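*Asks:*
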Amino acid sequence: MKCRVCSGPAVIDIRRHNANFCGEHFLKLCRDQTAKAIKQFSMLERDDRVLVAVSGGKDSLAVWDILTELGYHADGFYVGLGIAEYSASSEHHAVAFAAERGLTLHTEDLRRDHGFDIPNGSRAAKRAPCSACGLSKRHLFDEAARRGGYDAIVTGHNLDDEAAVLMGNVLHWHTDYLARQMPLLPARAGFPKKAKPLVRLTERETAAYCILREIDYLIDECPMAAGNKHLAYKAALNDIERNSPGAKHDFFFRFLAQAADRFRPGHEESDSRPDVAPCQRCGAPTNNDTCSFCALVARATEAVPIKLGHTRGRKKVSS
Amino acid sequence: MKVVLRNPTRELEFDGPLEVSVLLQRLDLHREAHLVIEDGTLVPNDKVLGNDAVVEVRSVISGGSP
Ligand code: SF4
Ligand SMILES: [Zn+2]
Ligand SMILES: [Zn+2]
Chain E
15 MKCRVCSGPA VIDIRRHNAN FCGEHFLKLC RDQTAKAIKQ FSMLERDDRV
65 LVAVSGGKDS LAVWDILTEL GYHADGFYVG LGIAEYSASS EHHAVAFAAE
115 RGLTLHTEDL RRDHGFDIPN GSRAAKRAPC SACGLSKRHL FDEAARRGGY
165 DAIVTGHNLD DEAAVLMGNV LHWHTDYLAR QMPLLPARAG FPKKAKPLVR
215 LTERETAAYC ILREIDYLID ECPMAAGNKH LAYKAALNDI ERNSPGAKHD
265 FFFRFLAQAA DRFRPGHEES DSRPDVAPCQ RCGAPTNNDT CSFCALVARA
315 TEAVPIKLGH TRGRKKVSS
Chain Y
306 MKVVLRNPTR ELEFDGPLEV SVLLQRLDLH REAHLVIEDG TLVPNDKVLG
356 NDAVVEVRSV ISGGSP
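Here the protein sequences come in this chain order: E and Y.
Going letter by letter, the first sequence gives residues 15 to 333 in the numbering used here.
Going letter by letter, the second sequence gives residues 306 to 371 in the numbering used here.
#1: Within 8 Å (strictly less), CB to CB, does Y:E337 reach chain E?
#2: Using DSSP bridges, identify the partner residues of E:P292.
#3: So, E:L226 versus Y:L347, is the Cβ gap smaller than 8 Å?
#4: So, for Y:E361: in the same chain, excluding its five sequence neighbours on each side, which residues have a beta-carbon less than 6 Å away from its beta-carbon?
#5: Can you tell me where the alpha helix (DSSP H) holding E:F267 begins and where it ends?
#6: Please report the Cβ distance between E:Y92 and E:P237, rounded to the nearest whole angstrom; I am assuming they are in contact, meaning their Cβ atoms lie under 8 Å.
#7: How would the residue list near ligand 3 read, in chain order, if you kept each one whose beta-carbon is closer than 6 Å to any heavy atom?
#8: Use the C-beta contact count for E:K72: other C-beta atoms within 10 angstroms, 16 or more gives buried, fewer gives exposed.
#9: Would you list, in sequence order, the uninterrupted alpha helix (DSSP H) runs of no fewer than 4 residues that lie entirely inside the segment 126 to 151 of chain E?
#10: Thinking C-alpha only, which one of E:F130, E:L251, E:A209 is nearest E:A88?
#11: Quick one, which of E:N302, E:C296, E:N301, E:T300 has its alpha-carbon nearest E:V334's?
#12: By Cβ distance, which residues of its chain are closer than 7 Å to Y:G321, with the 5 residues on each side in sequence left out?
#13: Leaving aside the five residues before and after E:A193 along the sequence, list all residues of the same chain whose C-beta is less than 8 Å from its C-beta, in chain order.
#14: Please specify which runs of the alpha helix (DSSP H), each continuous and at least 4 residues long, are wholly inside the segment 20 to 58 of chain E, giving them in chain order.
#15: For chain E, is any of its Cβ atoms less than 8 Å away from the one on Y:P263?
#16: In the DSSP assignment, find the alpha helix (DSSP H) that holds Y:R331 and state where it starts and stops.
#17: On the DSSP letters alone, give me the boundaries of the beta strand (DSSP E) that E:R63 sits inside.
#18: First and last residue of the alpha helix (DSSP H) that includes Y:I342?
#19: State yes or no: is the C-beta of E:L180 within less than 8 Å of the C-beta of E:F265?
#20: So, E:P299 versus E:F155, is the Cβ gap smaller than 8 Å?
#21: Leaving out five residues on either side along the sequence, give the residues of the same chain with a beta carbon under 8 Å from the beta carbon of E:E282.
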């Protein structure tokens, strides 16, 4: 196997590009594909202050590394979810990555700062763990970006993630979700824009990027993920990809190019949401009295025998 | 050769020489979903692993609902 660019010995084959790459040119491919996605969807301006949602896994550390390599000012934000060893280990990987590179990582912890954790809090609030977790992370990332004056929140979602979500949305015809499944969600009243610069890379590629860059990412999976539909959709798509290289890419990117618009309402519904006002408890923009995160906190802390922390202490780990 | 798998961590023995792509087939693992690592770096699919090789086969699929 020879590198398509330099004909040196290749370390990885990318079947959908019908090409093999050496380490150096594979890393360049990853950076180029990320830069291409940023440009294609007008995700970031050169001088944007970017906040990367960091979990310690391969995708978030890869996107943080690539953005830094591409010259963006990118800080990290980590949320401790209180999921036993998984959370302890993920925080360790995120903190070590930042410290080694002299990057700034902000951390917040659900238990320390909000009085609940995902396993107990979701049970008390009668929500699926991933749903309580997703809601909490979205809220805390938004708030951290507002507080820190960041222009954009970046997440490490890759092509497999987006294709799997699209598959779920199409199977069940969740047309409202289809309307919003974009690699860039523009800023709107009180919320910064959100970008997914890794959408042109598969997760095999983001993992390979980390290995070649010697990024020590958390390999173990969150125990709450076991058996969920997202994993089943990914497996099904990889079965298709096996005989039809490029199928995942076409599925997602042709949806964006040819179908996504059809699910969007003719009027800009999201920008004209009525009566967005500050949450009475935390001040985040909401169209209810309290935002859904504060409602979750109230329910999650009711039944959990954990000391409530009202000092919303935040640690800056390294800078 | 020694093959290390994760989640849960376990070790398997195979007789070499064996090509990486054949190893994945024997393990019934998907090439789109796995990488093979030897001495901390990637091993291409066409590499023939010797009898004394020690490799890790790592799944690249992450789980959470986004
Ligand atoms: S798998 Fe679910 S609970 Fe675990 S980190 Fe992901 S969204 Fe949160
Ligand atoms: Zn090369
Ligand atoms: Zn609130």
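From the three backbone atoms N, C-alpha and C, an ideal C-beta is built for every residue, glycine too.
All figures in this text were calculated on a predicted structure; none of them were measured in a lab.
*Replies:* So, from the data block:
#1: It does; some Cβ of chain E falls within 8 Å.
#2: E:P299
#3: It is a contact, given that the beta carbons lie within the stated cut-off.
#4: V309, I342
#5: Looking at the DSSP string, the run of the alpha helix (DSSP H) that includes E:F267 is 261 to 268.
#6: About 18 Å separates the two Cβ atoms, so there is no contact after all.
#7: In chain order, the residues with a C-beta atom nearer than 6 Å to some heavy atom of ligand 3 are E:C293, E:R295, E:C296, E:A298, E:T304, E:C305, E:F307, E:C308.
#8: buried
#9: 132 to 138
#10: E:A209
#11: The structure shown does not extend to residue 334 of chain E, since chain E is modelled only from 15 to 333, so the question has no answer here.
#12: Excluding its 5 nearest sequence neighbours in each direction, Y:G321 has C-beta neighbours in its own chain below 7 Å: M306, L354, G355, N356, A358, listed in chain order.
#13: So the list reads A274, F277, R278, P279, once near-sequence residues are dropped.
#14: 37 to 54
#15: Nothing in the structure corresponds to residue 263 of chain Y, since chain Y is present only between 306 and 371.
#16: 325 to 331
#17: 63 to 67
#18: Run containing Y:I342: none in the alpha helix (DSSP H); it sits in the beta strand (DSSP E), 339 to 343.
#19: yes
#20: Going by C-beta atoms, E:P299 is not nearer than 8 Å to E:F155.
#21: No answer about E:E282 holds up, because its pLDDT of 49 lies below 50 and its placement is not dependable.
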